[in-house]
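Sequential numbering from 98 applies to the sequence shown in this note's numbering.
Beta carbons: idealized from backbone N, C-alpha and C, even for Gly.
Below: the structure, in structure tokens.
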Amino acid sequence: MMLEHSLEWLRSFVPQPNTVPRGERMRAVAGALVGLFVTAILSDMLTKGSGIGPLALVAPMGASAVLLFCVPASPLAQPWSVIGGNTISALIGIICAKSVANPALAAPLAGACAIFVMFLLRCLHPPSGAVALTAVLGGPAIHAAGFTFAFLPVCLNSTLIVLAALVFNNLTGRRYPHNQKSMLRTAQQAAHATRDPAPMARLGFTAEDLDGVLARYGQVLDVSRDDLEEILLQTEQRAYARRFGTVNCGAIMSKDVVTATPEMTLAEAWRLLRHHNLHALPVLDPSRRVAGIIGQSDFLHHAGLDDYQTVAERLRGLFAHVLGVRPERAATVGELMSTKVAVVSADEPIATLVPLMSNVGLHHIPVVDERAVFLGVVSQSDLLAALFEARLAEAA
Numbered sequence: 098m099m100l101e102h103s104l105e106w107l108r109s110f111v112p113q114p115n116t117v118p119r120g121e122r123m124r125a126v127a128g129a130l131v132g133l134f135v136t137a138i139l140s141d142m143l144t145k146g147s148g149i150g151p152l153a154l155v156a157p158m159g160a161s162a163v164l165l166f167c168v169p170a171s172p173l174a175q176p177w178s179v180i181g182g183n184t185i186s187a188l189i190g191i192i193c194a195k196s197v198a199n200p201a202l203a204a205p206l207a208g209a210c211a212i213f214v215m216f217l218l219r220c221l222h223p224p225s226g227a228v229a230l231t232a233v234l235g236g237p238a239i240h241a242a243g244f245t246f247a248f249l250p251v252c253l254n255s256t257l258i259v260l261a262a263l264v265f266n267n268l269t270g271r272r273y274p275h276n277q278k279s280m281l282r283t284a285q286q287a288a289h290a291t292r293d294p295a296p297m298a299r300l301g302f303t304a305e306d307l308d309g310v311l312a313r314y315g316q317v318l319d320v321s322r323d324d325l326e327e328i329l330l331q332t333e334q335r336a337y338a339r340r341f342g343t344v345n346c347g348a349i350m351s352k353d354v355v356t357a358t359p360e361m362t363l364a365e366a367w368r369l370l371r372h373h374n375l376h377a378l379p380v381l382d383p384s385r386r387v388a389g390i391i392g393q394s395d396f397l398h399h400a401g402l403d404d405y406q407t408v409a410e411r412l413r414g415l416f417a418h419v420l421g422v423r424p425e426r427a428a429t430v431g432e433l434m435s436t437k438v439a440v441v442s443a444d445e446p447i448a449t450l451v452p453l454m455s456n457v458g459l460h461h462i463p464v465v466d467e468r469a470v471f472l473g474v475v476s477q478s479d480l481l482a483a484l485f486e487a488r489l490a491e492a493a
């Protein structure tokens, strides 16, 4: 038994398998190269003549680059964590270096105090610990710079590399900064602004369950709470698909779908909705790709029967009234349709539809092929029938 525990302990030193795709690795490598290069060049240009010389780029920026370009979704890699953590840690390191003559005591004190303050100010950033030590152990040039070192170059470096990460990550498909709460509803939020839990939260885990487990876990996680929630929800969906068989969206979609075009008049689109008793029409461009969707709510809003207007819409209406200008009203579907449309591919399992329909509140979701060409629509009725058939098959 003791030998088994010893082997298990030794196995913990073995690196975990790398599941990061090769393309993502190369993206991170390229990002670090671009970010550090831009930071070094601009820092050198902006500090020319300031006398800081070789201090234009500090070594801990290399560690910050790992977080910013390899794990940009990490709470430890967000802008305030990088800029605030590095700058504050540099200030703490300088204070410790000036207050404690012995570097062997000043360095650990600087690192510990930096971590303590970063916890208090919610800007925990691992490379900032190295910044604090650099302020103590960096040598005469850093000591001569004094408190200037915290701003030139540390704060400047941190700001520039965050800006580089902002541009590079978003251009390469990685959302940065990574907000804890996005503008879209999370899968655990109810779509109708009532006190009832979201449909999936009534039988699965709730936000309170997750918060309770995280509180009991009691350690810093290098993943945001919302990302963890999303990972758990997707795990539930995969488990459902494995248990009940993988029925894909293409198998249950409606293929003979009434659609609109951007050039269609609103009157014609409204007649189609009423004649076919539909809630929404997918809008297709000439290549049969989904350009948008127009529904009954869009017509209500257009007719002025929707009280829920945005602040910008209310201001435009107020200025138009004061100036006596009548805003041009939409005349075609393309002018009124919603262009942000959730779509699914034909080979996706129907489990992916459940949070979109039950929690987000979507009634119709267009189905597309691998070239994004429109194939059909899955409605709530289609999904309900498929789930009912799956339960019957399981019972049989």
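Please determine, among the options, the residue with the shortest C-alpha to C-alpha distance to residue i.
| i | options | result |
| --- | --- | --- |
| Leu397 | Leu363, Arg385, Gly347 and Pro379 | Leu363 |
| Leu325 | Ser171, Asp444 and Gly128 | Ser171 |
| His240 | Pro224, Leu188 and His275 | Leu188 |
| Val464 | Met434, Met350, Leu369 and Ile391 | Met350 |
| Ile258 | Ser178, Val233 and Gln331 | Ser178 |
| Ala38 | Leu234, Ile180, Ile185 and Ser186 | Only positions 98 to 493 of the chain appear in the structure, and residue 38 is not among them; the question remains open. |
| Arg271 | Glu121, Ser109 and Leu480 | Glu121 |
| Gly243 | Leu164, Ala127, Ala194 and Leu378 | Ala194 |
| Ser478 | Leu472, Val451 and Ala400 | Val451 |
| Ala336 | Ile447, Ala304 and Thr245 | Ile447 |
| Lys352 | Ser476, Ala483 and Phe213 | Ser476 |
| Pro237 | Ala304, Ala209 and Leu152 | Leu152 |
| Ala160 | Ala312, Ser140, Val228 and Ala127 | Val228 |
| Ser321 | Val197, Ser103 and Gln175 | Gln175 |
| Ser196 | Leu221, Ala232, Phe213 and Cys220 | Ala232 |
By the DSSP assignment, the beta strand (DSSP E) with residue i in it spans what residues?
| i | result |
| --- | --- |
| Ile462 | His461 to Val465 |
| Leu378 | Ala377 to Leu381 |
| Leu472 | Phe471 to Ser476 |
With a threshold of 16 other CB atoms inside 10 Å of the CB of residue i, please say whether the residue is buried or exposed.
| i | result |
| --- | --- |
| Ile192 | buried |
| Met158 | buried |
| Pro114 | exposed |
| Leu420 | Low confidence applies to Leu420: its pLDDT is 48, below 50, so where it sits in the model is not reliable enough to give any reading. |
| Ala201 | exposed |
| Met93 | Nothing can be reported for residue 93: it is not among the residues displayed for the chain, which extend from 98 to 493. |
| Asp308 | exposed |
| Asp395 | buried |
| Ser140 | buried |
| Ala312 | exposed |
| Asp306 | exposed |
| Leu104 | exposed |
| Leu415 | Only weak support exists for where Leu415 lies, its pLDDT of 48 falling under 50; the coordinates are left without a value. |
Flag this pair as yes or no: are the beta carbons of residue i and residue j separated by less than 8 angstroms?
| i | j | result |
| --- | --- | --- |
| Met215 | Gly182 | yes |
| Ala366 | Ile391 | yes |
| Val155 | Val310 | no |
| Val474 | Arg385 | no |
| Asn254 | Thr136 | yes |
| His376 | His461 | yes |
| Ala273 | Pro112 | It should be noted that the sequence gives Tyr, not Ala, for residue 273. Not a contact, by the Cβ cut-off of 8 angstroms. |
| Ala207 | Leu230 | yes |
| Leu378 | Ala357 | yes |
| Thr269 | Arg108 | no |
| Pro223 | Leu173 | yes |
| Ala427 | His399 | yes |
| Met454 | Leu484 | no |
| Leu370 | Gln393 | yes |
For residue i, I'd like the list of residues in its chain whose CB is within less than 8 angstroms of its CB, leaving aside the five on either flank, ordered along the chain.
| i | result |
| --- | --- |
| Ala388 | Pro359, Val380, Leu381, Asp382, Gly431, Met434 and Thr436 |
| His418 | Low confidence applies to His418: its pLDDT is 46, below 50, so where it sits in the model is not reliable, and the reading given next is rough at best. Answer for His418: no residue qualifies. |
| Gly132 | Ala162, Leu165, Phe166, Ile258, Ala261, Ala262 and Phe265 |
| Asp466 | Ser442, Ala443 and Leu472 |
| His289 | At His289, the pLDDT of 48 sits below 50, so the modelled position is not reliable; the number obtained from the coordinates is stated separately. Gly458, listed in sequence order. |
Span of the alpha helix (DSSP H) holding residue i?
| i | result |
| --- | --- |
| Gly182 | Pro176 to Ser196 |
| Gly392 | It is not in any alpha helix (DSSP H) - Gly392 instead sits in the beta strand (DSSP E) that spans Val387 to Gly392. |
| Cys252 | Cys252 -> no alpha helix (DSSP H), and no H or E assigned at all. |
| Arg313 | Ala304 to Tyr314 |
| Ser161 | Met158 to Cys167 |
| Arg122 | Arg119 to Leu143 |
| Leu453 | No alpha helix (DSSP H) holds Leu453; DSSP gives it neither H nor E. |
Which same chain residues, not among the five before or five after residue i, have their C-beta less than 6 angstroms away from its C-beta?
| i | result |
| --- | --- |
| Ala498 | Because the chain in this structure spans residues 98 to 493, residue 498 falls outside the shown range and cannot be described. |
| Leu100 | none |
| Thr116 | none |
| Leu281 | A caution first: Leu281 carries a pLDDT of 37, below 50, which makes its placement in the model unreliable, though a value can still be read off. Here the set comprises nothing. |
| Cys220 | Trp177, Ser178, Gly181 and Gly182 |
Keeping to the same chain, check which residues put their C-beta closer than 7 angstroms to that of residue i; ignore five residues upstream and five downstream.
| i | result |
| --- | --- |
| Ser225 | Gly182, Asn183, Ser186, Ala211 and Met215 |
| His373 | Val355 |
| Leu218 | Gly181 and Ile185 |
| Asp444 | Asn345 and Gly347 |
Nearer than 7 angstroms: is that true of the beta carbon of residue i relative to any heavy atom of the ligand MG?
| i | result |
| --- | --- |
| Leu206 | Within the structure as shown, the ligand MG is missing, as the structure has no ligands at all. |
Return no unless some Cβ of chain B is closer than 8 angstroms to the Cβ of residue i.
| i | result |
| --- | --- |
| Ala247 | No chain B is part of this structure, which consists of one protein chain only. |
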